[in-house]
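Written below as structure tokens is the structure these notes are about.
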Amino acid sequence: MGTHLETTEGIPGNSLMCCVVVDEHGHTTEPTGIPALKGSTDPVLIAEHYHHEGASLIFADIWDSWRHVNRLLPLVDRLGATGHSLIASIDNGTLPSIEQARHVLDSGAHALTVNTTALNDPGLVAAAAQALGGRRLVGVINVTTTPEGTWDVLSDGGRRATGRHPATWAAELSALGVGYLVINDMDREENGGGFNVPLLEAVLRASTVPVICGGGSRTPQDLRAAVSAGAHGVLVLTQLHDGSHSVNDLLDALT
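Heads up: the sequence shown runs through residues 852 to 1106, numbered per this note's numbering.
In structure tokens, the structure reads:
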């Protein structure tokens, strides 16, 4: 199994977090357009490519269920062995127990996301933060804009509205002891409208922990806007996965 990072290590500022989405069969949900890997659906090969280009952080959005932990752990081990710090989101940010979290962290993940479980069982998240250390937990806030023009936090991979305001929920997550937050505008993720900077700023005002911005970026300039607004880092999927920009392009935008 892979060796995870020490718990004292954190996510450095101005970080580029490369997202890899993994389906229930261990493949990416669509083939990559990266020229060197065009057509590949192997998330490990893609992660290795990002690492060779200079990336140091991978966010693995793994759709598989915790019931299949015997195939989850080898996947986490392989992704962790690519040389990245690995943030793993399993089954829409669920966490069945502290013991299961330890298994994944010991298999090579630096941290786990806890968005759905934080909404359904905040006591478990607080206990996990106490037992594992807050830096091992990342709260993901998925957000949509309602027809009335207000923001609403979503759970279960965006399938369930919660009626919570993202800034309020950011403050609550911070209080539970998570080490980082990821704010993700799911509408912009779909349409590529660029990061939602007003949403980011609202969450930054409420959070007491670093915030990483995701959802909607399509150009290197989008990254600069988020970091200039105060984001600790940026989460990027499409513009890397489809090959329209390279890791080097995006790292240049952050320096």
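Even glycine gets a Cβ: it sits at the ideal position worked out from N, Cα and C.
Backbone secondary structure at residue i - three-state DSSP
| i | result |
| --- | --- |
| ARG1011 | strand |
| LEU1091 | helix |
| THR997 | coil |
| ASN1160 | With the chain represented from 852 up to 1106, any question about residue 1160 goes unanswered, as that position is not in the structure. |
| LEU946 | coil |
| ALA1022 | helix |
| ALA821 | Only positions 852 to 1106 of the chain appear in this structure, which leaves residue 821 out of reach. |
| ASP957 | helix |
| GLY985 | helix |
| GLY890 | coil |
| GLY990 | strand |
First through last residue of the alpha helix (DSSP H) which encompasses residue i
| i | result |
| --- | --- |
| LEU970 | 966 to 971 |
| ALA898 | 894 to 903 |
Residue i at chain C interface by Cβ criterion, 9 Å
| i | result |
| --- | --- |
| SER1097 | Of the protein chains in this structure there is only one, and it is not chain C. |
Opening and closing residue of the beta strand (DSSP E) in which residue i lies
| i | result |
| --- | --- |
| ASN1035 | 1031 to 1036 |
| ASP1003 | 1002 to 1006 |
| SER866 | 866 to 873 |
| ILE909 | 908 to 913 |
Supposed close pair residue i, residue j - CB separation, criterion 8 Å
| i | j | result |
| --- | --- | --- |
| ASN966 | VAL991 | 4 Å |
| VAL871 | TRP914 | 12 Å between Cβ atoms; not a contact. |
| THR933 | ALA898 | 4 Å |
| LEU988 | ALA982 | Contact doesn't hold; Cβ gap of about 10 Å is too wide. |
| VAL1004 | ARG1015 | 4 Å |
| ALA910 | LEU1086 | The residue you asked about is not Ala; residue 910 is Phe in the sequence shown. Indeed, because the Cβ distance is near 6 Å, the residues count as touching under 8 Å. |
| THR921 | GLY1084 | Looking at the sequence shown, residue 921 is not Thr but Asn. Not really, about 32 Å apart at Cβ, beyond 8 Å. |
| ALA1080 | LEU1051 | 6 Å |
| GLY985 | GLY959 | Going by Cβ atoms, the distance from GLY985 to GLY959 rounds to 20 Å, so no, they are not a contact pair. |
| ALA906 | VAL1098 | 5 Å |
message: Give the list of continuous beta strand (DSSP E) stretches no shorter than 3 residues that lie fully inside the region 1047 to 1106.
response: Listed in chain order, they are 1062 to 1065 and 1084 to 1087.
message: Contact between the region 997 to 1017 and the region 875 to 887 is defined here as three or more beta-carbon pairs at a separation below 8 Å; is this criterion met?
response: no
task: Pair every Cβ in the region 971 to 986 with every Cβ in the region 930 to 939, then say whether three or more of these pairs are closer than 8 Å.
output: no
field: Touching by the beta-carbon criterion (3+ pairs, under 8 Å), the region 1092 to 1100 and the region 1044 to 1051
entry: no
- prompt: Using 8 Å as the Cβ pair cut-off and three pairs as the minimum, do the region 1057 to 1066 and the region 1020 to 1036 touch?
  reply: Yes: at least three Cβ pairs fall under 8 Å.
- prompt: Between the region 1016 to 1023 and the region 1054 to 1062, do at least 3 Cβ pairs fall closer than 8 Å?
  reply: yes
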